[in-house]
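Residue numbers (this note's numbering): 228 to 481.
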Ligand SMILES: Nc1ncnc2c1ncn2[C@@H]1O[C@H](COP(=O)(O)OP(=O)(O)OP(=O)(O)O)[C@@H](O)[C@H]1O
Ligand SMILES: [Mg+2]
């Protein structure tokens, strides 16, 4: 049996549903593989996945990085790898244990000035933690920077999320070509989310990427969100939940 961690990165432009889809993916994995170790990573400093999954975050990756920097003279100039060896055990303090999965947040590096430092730290953390988990779901920051910086340089599944617009689809084509140059992945696919005209889904195509699912605008999801409930409480008939499942089945994860 293949015991390598499956690392699923969810990327795309801002506001297209990356966090909602990541949360649905985590729920499907938790329900389908109760015996497996699952890690959800919120890699977006704007934060969102914790709320979607109902996680109360007390310590972030950036908090840990800063505590190390504070404790080491001239710590700011140290390489991420060196910091990591000191932080190896601290990382586990930042994991929140939830029923069926663990959660890690990159945090908001507003005090530390440079966002790239926590990004390079995150890169080491992902490869370190991947050995301790069977499934890792990464809700990426909007845009292409984390691919360009190779924060996720070795993923198994790259899931590109877009809205129905031609422009949105061009953005994910661009993300794919950058990913092809800079990172390693095994499978790639696209999800078109929040379609107002699902009857036109046959017209959607993304050059070089299979469209795994077209998800209509989902009032069940929106109602759950308004009520402040987590995706774990989302009713089964949610289109987002169904669409996320379809994508996972087509990528042979479920
Ligand atoms: N299929 C859908 N139907 C209805 N509402 C949706 C759907 N998908 C996402 N939403 C809503 O759209 C908003 C943006 O979704 P989400 O936060 O998941 O996007 P995102 O790509 O993570 O955004 P950001 O780039 O800001 O992190 C949220 O309010 C979410 O509830
Ligand atoms: Mg988000």
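Where a beta carbon is used, it is the ideal one built from N, C-alpha and C, also for glycine. This structure is a prediction, so every number in the text was calculated from the model and none was measured.
Verify the contact flag: residue 246, CB atom, against every heavy atom of ligand 4, threshold strictly below 6 Å.
-> Absence of ligand 4 from the depicted structure is noted, with ligand 1 and ligand 2 being the only ligands included.
Ligand 2 heavy atoms versus the CB of residue 275: any closer than 6 Å?
-> yes
Give me the Cβ distance between residue 467 and residue 248, rounded to the nearest whole Å; I'm assuming they're in contact under 8 Å.
-> 7 Å
With a floor of 4 residues, list each alpha helix (DSSP H) that falls wholly inside the segment 445-469, ordered by position along the chain.
-> 446-453
Mind pulling the alpha helix (DSSP H) runs of 4 or more residues that sit fully within the segment 372-428?
-> 372-375 and 393-409
Candidates 394, 364, 454 and 442, of which the one nearest residue 464 by Cα = 442
Under 7 Å between the Cβ atoms of residue 232 and residue 360?
-> yes
May I ask which residues mark the beginning and end of the beta strand (DSSP E) holding residue 245?
-> Segment 245-259 is the alpha helix (DSSP H) holding residue 245; no beta strand (DSSP E) there.
Three-state secondary structure assigned by DSSP to residue 271 | coil
Any 3 or more C-beta pairs closer than 8 Å across the segment 235-245 and the segment 378-389 | yes
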